[in-house]
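> Mapping to numbering that gives the first Met the number 0: the sequence shown position 48 is 47, numbers consecutive. Quick reminder that beta carbons are idealized off the backbone N, C-alpha and C, glycines included. The structure follows.
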Amino acid sequence: MKKFDYKTLNHLKLTNSIVNKLNKIYEIRGQTVSYQAEATEVLERLTEVAKIQSTDASNRIEGIYTTDSRLKKIVESKVEPHNRSEAEISGYRDVLKLIHENYTYMPVSKNTILAMHKQLFEYTGDSWGGQFKDTNNQIITKYADGSEEIRFTPSAALITPELVEQLCAAYDQAVERSDFSPLILAGAFIFDFVSIHPFKDGNGRMSRLLMLLTLYKTGFDVGKYISLEKIIEETKPSYYETLKQSSAGWNDNQNDYEPFLDYFLGVIVKAYWLFEERLGIVGHQSLSASKLVIKILRQELRPLSMSELSEKIPQFSKITIQRTVRKLRDEQRIEMIGKGKNTKYILK
Numbered sequence: 000m001k002k003f004d005y006k007t008l009n010h011l012k013l014t015n016s017i018v019n020k021l022n023k024i025y026e027i028r029g030q031t032v033s034y035q036a037e038a039t040e041v042l043e044r045l046t047e048v049a050k051i052q053s054t055d056a057s058n059r060i061e062g063i064y065t066t067d068s069r070l071k072k073i074v075e076s077k078v079e080p081h082n083r084s085e086a087e088i089s090g091y092r093d094v095l096k097l098i099h100e101n102y103t104y105m106p107v108s109k110n111t112i113l114a115m116h117k118q119l120f121e122y123t124g125d126s127w128g129g130q131f132k133d134t135n136n137q138i139i140t141k142y143a144d145g146s147e148e149i150r151f152t153p154s155a156a157l158i159t160p161e162l163v164e165q166l167c168a169a170y171d172q173a174v175e176r177s178d179f180s181p182l183i184l185a186g187a188f189i190f191d192f193v194s195i196h197p198f199k200d201g202n203g204r205m206s207r208l209l210m211l212l213t214l215y216k217t218g219f220d221v222g223k224y225i226s227l228e229k230i231i232e233e234t235k236p237s238y239y240e241t242l243k244q245s246s247a248g249w250n251d252n253q254n255d256y257e258p259f260l261d262y263f264l265g266v267i268v269k270a271y272w273l274f275e276e277r278l279g280i281v282g283h284q285s286l287s288a289s290k291l292v293i294k295i296l297r298q299e300l301r302p303l304s305m306s307e308l309s310e311k312i313p314q315f316s317k318i319t320i321q322r323t324v325r326k327l328r329d330e331q332r333i334e335m336i337g338k339g340k341n342t343k344y345i346l347k
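Given below as structure tokens:
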């Protein structure tokens with residue numbers, strides 16, 4: 000039977016890549032702490048953006064989506080779901096909010112996982128929400144071209160409840176003992192959860208919600224301000240490939256966690272880098288909105304939409320950014336490309 004060796008993680012070797020990423024994460028986290036007390040309004044805006052992006056990206060990875068306007072209203076709880084996709088999006092919104100507001104009171108346990116899953120499918124009417132799978136399943140990777148590949152065959156449904164209990168216990172004990180960095184342990188936990196694949200549906204979304212929860216509980220709250228799910232969506236091929244690499248030998252306790260952990264830490268590094276970038280802009284409060292728009296467009300070296308500019312300059316309201324962009328266009332310092340929803344801006 001599968002066993003979870005969280006004392007050694009199957010004799011995991013910490014590569015230079017993993018060590019460097021860990022060091023970078025701790026370094027940036029330390030640097031951002033001093034900024035946060037001075038940037039309350041910016042943090043509030045980043046949080047609202049991250050909620051929308053996380054809800055959108057995590058569901059889109061699974062082929063679940065709605066229009067941008069409907070998505071925003073759903074995340075803000077201003078409308079009721081109109082179809083199956085919107086019902087699942089609404090459930091993700093609620094679990095995300097639960098974690099943001101109550102993570103302190105949510106132990107990493109079988110009961111917490113079941114409660115989260117039940118809430119995830121609260122609006123769908125499915126009777127199996129909050130219940131482990133009752134039939135065996137397979138992990139299938141779906142590619143952009145429509146092709147599919149069986150990546151892994153998880154453990155049998157019969158032993159799933161016991162495996163989840165053992166996983167949570169092994170993880171909690173390892174965190175308490177500090178066998179590895181909590182970041183390493185969080186990544187291993189998420190990987191093993193996906194490998195158990197304990198539910199009929201929603202395993203991927205649950206893994207990303209549990210990623211946020213485990214990071215929150217160990218002092219890494221970057222997922223509150225920067226969407227980890229969006230970073231994963233943007234790197235989906237690598238996400239699936241490293242899952243596949245680390246799955247080999249899993250049922251026989253011979254798998255190598257390194258490929259997935261290296262990817263996972265890369266996601267966290269990018270999130271902290273983006274967070275530092277957003278907060279770093281706060282240090283340039285003397286810069287006008289015009290100068291910041293020019294600065295961001297120069298740094299990005301690519302066309303940006305109005306929403307992207309607003310996201311990257313959180314200390315100014317969206318209305319201010321819109322006015323600034325119009326002014327810069329009139330001054331012929333930037334130009335507009337595309338039309339309608341595809342409108343973007345670039346330096347002239």
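Can you tell me whether residue 52 is buried or exposed, with buried defined as 16 or more other CB within 10 angstroms of its CB?
Buried.
> One question on the structure: do residue 159 and residue 131 come within less than 8 Å of each other, judged by their Cβ atoms?
Yes, Cβ-Cβ distance for residue 159 and residue 131 is below 8 Å.
> How do the stretch 206 to 219 and the stretch 180 to 197 stand: do at least 3 beta-carbon pairs fall below 8 Å, yes or no?
Enough Cβ pairs lie closer than 8 Å, so yes.
> Tell me where the beta strand (DSSP E) around residue 34 begins and ends.
Element bounds for residue 34: not the beta strand (DSSP E) but the alpha helix (DSSP H), 15 to 35.
> Looking at the strands, I want to know which residues DSSP matches up with residue 139.
DSSP, once it has assigned bridges, lists 149 as partnering residue 139.
> Between residue 154 and residue 195, which are expected to be in contact by the criterion C-beta below 8 Å, what is the C-beta distance as a whole number of angstroms?
Confirmed, about 6 Å.
> Would you kindly report the start and end of the unbroken alpha helix (DSSP H) that includes residue 88?
Segment 83 to 101, the alpha helix (DSSP H) holding residue 88.
> Please work out which residues of its chain come closer than 7 Å, Cβ to Cβ, to residue 108, disregarding the five sequence neighbours upstream and downstream, and give them in chain order.
Taken in chain order, the residues that qualify are 167.
> Measuring alpha carbon to alpha carbon, tell me which of 242, 290, 271 ends up nearest residue 192.
For residue 192, the nearest C-alpha among the options comes from 242.
> Using DSSP with H/G/I as helix, E/B as strand and the rest coil, what is residue 238?
Residue 238 falls in the helix class under three-state DSSP.
> Looking only at its chain, what residues have a beta carbon closer than 6 Å to the beta carbon of residue 169, apart from the 5 residues adjacent to it on each side?
The answer, listed in chain order, is 3, 5.
> Would you tell me roughly how many angstroms separate the C-alpha atoms of residue 235 and residue 222, rounded to the nearest one?
The straight-line gap from Cα to Cα measures roughly 18 Å.
> Examine the Cβ distances between the stretch 294 to 306 and the stretch 49 to 64 and report whether three or more of them are shorter than 8 Å.
As far as the Cβ criterion goes, the stretch 294 to 306 does not touch the stretch 49 to 64, which means the pair count is below three.
> Where does residue 334 fall in DSSP's three states?
In the structure shown, residue 334 sits in a strand (DSSP, three-state: E or B).
> For residue 278, which three-state DSSP category applies?
Three-state result, residue 278: helix.
> Look up residue 215 in the DSSP assignment and say whether it is helix, strand or coil.
Three-state DSSP puts residue 215 in a helix.
> Whose C-beta lies closer than 8 Å to the C-beta of residue 321 among residues of the same chain, with five residues either side of it excluded?
Closer than 8 Å at the Cβ level, and outside the excluded window around residue 321, lie 305.
> So, helix, strand or coil for residue 290, using DSSP?
Three-state result, residue 290: helix.
> Going by DSSP, name the residue or residues bridged to residue 346.
Bridge partners of residue 346: 333.
> Can the beta-carbon of residue 173 be found less than 8 Å from the beta-carbon of residue 123?
Taking 8 Å as the Cβ cut-off, residue 173 and residue 123 do not qualify as a contacting pair.
> On the three-state DSSP scale, how would you describe residue 303?
Three-state result, residue 303: strand.
> Per DSSP, what kind of secondary structure is residue 104 in: helix, strand or coil?
Residue 104: helix per DSSP, three-state reduction.
> In angstroms, rounded to a whole number, what distance separates the CA positions of residue 263 and residue 177?
Roughly 19 Å between the two C-alpha positions.
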